[in-house]
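Numbering (the numbering used here), first residue to last: 7 to 431. Every residue gets a Cβ at the ideal spot worked out from N, C-alpha and C, and that includes glycine. Every value quoted in this text rests on a predicted model; they were computed, and no experiment measured them.
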C-alpha cells in the first residue's frame with residue numbers, strides 16, 4: 007500500500023517521459039489519500055475503495071472518446087458501491103512460482119496463491135490506512151467467486167492460499183463457510199489468514215475449525231505490548247489479550263504470526279526491551295519476521311492518528327516525498343535504534359540468516375542502546391518448524407532500502423557482514 011505508492015512515485019516520471027501522451031490512473035487505498043501529489047506527477051484519474059466500476063468506466067471512455075477523453079479534467083473519487091465481483095483473470099500474470107512462496111522448515115517450500123474473501127474493515131484503528139477510505143465499511147466477495155478463484159490458482163500450481171482480507175473474521179459466518187468449502191474441495195491445500203486479536207478472542211470457539219480446515223498460520227497486528235500505546239492506536243485489545251491468544255494458539259497447536267509497530271512517538275528504551283522480552287518469554291521468536299522489530303509508526307495524510315492532540319504536538323509538517331508526517335522520538339536513541347534494527351533485518355534477509363540468530367543481534371543492539379548488558383537468550387525447541395512466507399507481511403511502513411534499490415531509486419549498499427551489537431561482525 008504505502009510502499010507501493012512510494013515505489014510508484016519513483017516510476018511515474020519515467021513513464022511520463024517515455025510516453026508523454028499516456029493516460030495515467032492510480033487506484034487503491036493510498037491513491038485518494040495522496041491525490042494532490044499523484045496529480046503533480048501526471049496522474050489523471052484517481053480511484054479508491056471499490057475501484058473496479060470506475061476502471062471499467064474509464065476504459066470505456068478512453069476507448070470511445072480517444073484524445074478527447076485524455077484532455078478532460080482530472081478526476082478523483084472513492085466508491086463504496088456494492089459491486090458484483092468477477093473471478094479475477096490472472097492469465098496474463100507471471101507464473102505463481104515467480105512470487106513469494108511458503109517456507110516450511112524441514113519440508114521445503116510451497117507455491118502460494120492469493121485471494122480475498124472481503125474488503126474494507128468494520129474497525130477504526132487509528133493508524134490503519136484502510137480507515138480513511140472505508141470508514142468502517144466492509145464488503146463481502148461471494149463464496150462462488152472466491153472458490154472459483156482458488157480453483158483456478160490450484161489448477162495453475164498453487165499449494166497454499168493467502169487470504170488478503172484485512173480481517174478474515176469481519177464476516178464470521180461467511181469466513182467459516184468459505185473455509186469449510188475450500189477444505190472439502192482441496193484437503194491438501196493449506197491457507198493463512200489475517201485476524202485481529204479482538205476477533206481471535208471473540209470467536210475463540212471457531213479456531214479449532216480453522217486449524218482443521220488447513221489454516222497453517224494466522225497473522226495478527228498486535229502492534230505493541232504497551233497498553234498506553236495500544237490505547238493511542240485504538241487497537242481494541244490489551245497486552246493481556248495478546249498473551250491469552252498466544253496461550254490459546256499453543257494449546258490448539260496453531261501458529262500465530264504477530265506483527266508489530268515497535269517504534270512510535272511514545273516508545274521508550276525500556277518499552278522496546280519489554281517487547282523483546284515478551285517475544286522471547288512467549289517462545290515466538292521464530293514467529294516474528296525480524297523486519298517487524300524495526301518498523302516505525304507511519305502517519306499518512308488522512309490518518310486518524312491526526313485526531314489526537316498528542317500527535318499534533320509531536321509531528322512535523324507533511325512530507326510529500328515520504329507521503330507521511332515526520333516525527334521524532336523524544337529520546338534520540340530510539341530513532342537511531344530503529345535504523346539499526348532495520349539494517350540488521352535487511353542484511354539478515356539478504357544473507358538468509360535464521361530468525362533466532364537475527365533476534366539475538368537485535369536483542370544485543372537494543373541492550374547496547376540502553377547501556378545494559380544483554381542476558382543470554384534461550385531458544386525453545388518448540389519453536390522449530392514454524393511456517394512463514396518468503397516475503398514478510400507488513401503494513402504501514404516505509405519502503406525498505408532493498409525495495410528502493412530494486413527500482414533504481416537508491417544505490418545498493420556496500421556488501422558487508424551483519425554487524426553485531428558491539429560493532430564486530
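How is residue i classed by DSSP in three states: helix, strand or coil?
i	result
residue 198	strand
residue 333	strand
residue 302	strand
residue 273	coil
residue 32	strand
residue 395	strand
residue 27	coil
residue 11	helix
residue 176	helix
residue 63	helix
residue 257	helix
residue 17	helix
residue 421	Here the model assigns residue 421 a pLDDT of 48, short of 50, so the residue's position is not dependable, and the following value carries that caveat. Coil, per DSSP.
residue 50	coil
Report the rounded CA-to-CA distance for residue i versus residue j, giving the unit in angstroms.
i	j	result
residue 393	residue 313	38 Å
residue 245	residue 368	22 Å
residue 359	residue 193	33 Å
residue 372	residue 149	46 Å
residue 350	residue 364	7 Å
residue 297	residue 8	16 Å
residue 334	residue 301	14 Å
residue 91	residue 24	34 Å
residue 315	residue 214	42 Å
residue 347	residue 177	37 Å
residue 116	residue 20	36 Å
residue 71	residue 58	20 Å
residue 173	residue 396	21 Å
residue 286	residue 118	29 Å
residue 40	residue 329	7 Å
residue 288	residue 385	11 Å
residue 212	residue 226	16 Å
residue 352	residue 62	39 Å
residue 355	residue 308	32 Å
residue 209	residue 175	8 Å
residue 11	residue 46	14 Å
residue 398	residue 121	17 Å
residue 319	residue 303	16 Å
Going by DSSP, name the residue or residues bridged to residue i.
i	result
residue 115	109
residue 263	225
residue 85	55
residue 314	For residue 314, which the question treats as bridged, DSSP gives no partner whatsoever.
residue 325	330
residue 126	144
residue 167	119 and 197
CB-CB under 7 Å to residue i, same chain, minus the five flanking residues each way: which ones, in chain order?
i	result
residue 48	18, 22 and 30
residue 426	For residue 426, the predicted model reports a pLDDT of 33, less than 50, meaning its position is unreliable; a value from the coordinates is still stated below. Hits under 7 Å: 367 and 370.
residue 38	52, 54, 82, 84 and 139
residue 429	At residue 429, the pLDDT of 30 sits below 50, so the modelled position is not reliable and the matter cannot be decided from this model.
residue 422	For residue 422, the pLDDT reaches just 45, beneath the cut-off of 50, and the residue's location in the model is therefore unreliable, although a value from the coordinates is still provided. Taken in chain order, the list of residues that qualify is empty.
residue 145	56, 88, 124, 125 and 126
residue 64	31 and 51
residue 293	261, 262, 263, 264 and 392
residue 376	275 and 279
Residues in its own chain within less than 8 Å of residue i by CB, not counting five upstream and five downstream?
i	result
residue 236	229, 230, 243, 244 and 245
residue 217	258, 259 and 260
residue 93	151, 154, 155 and 158
residue 60	33, 51, 53, 83 and 85
residue 130	137, 141, 142, 240 and 310
residue 247	203, 204 and 207
residue 290	252, 262, 264 and 389
Suppose the cutoff is 6 Å on Cβ atoms and the five residues either side in sequence are ignored; what does the same chain contact list for residue i look like?
i	result
residue 317	311
residue 132	239, 240, 310 and 311
residue 251	203 and 206
residue 27	none
residue 380	369, 370 and 373
residue 464	The shown model of the chain, from 7 to 431, leaves out residue 464, and the question about it has no answer.
residue 189	219 and 220
residue 255	262
Shorter than 7 Å from the beta carbon of residue i to some beta carbon of chain C?
i	result
residue 361	No chain C appears in the structure shown, which is made up of a single protein chain.
Closer than 8 Å is the cut-off here; do at least three beta carbon pairs connect the segment 253-263 with the segment 312-331? no
Is the segment 327-344 touching the segment 159-173 in the sense that three or more CB pairs, one from each, lie closer than 8 Å? no
Does the segment 219-227 come into contact with the segment 187-203, if we say contact requires no fewer than three beta-carbon pairs (one atom in each stretch) closer than 8 Å? yes
With three or more C-beta pairs closer than 8 Å as the rule, is the segment 271-278 touching the segment 92-106? no
Evaluate the contact criterion for the segment 176-187 versus the segment 201-218: three or more CB pairs, one atom per stretch, below 8 Å. yes
Give a yes or no on contact between the segment 278-294 and the segment 372-385, applying the rule of three or more CB pairs nearer than 8 Å. They touch, by the three-pair rule.
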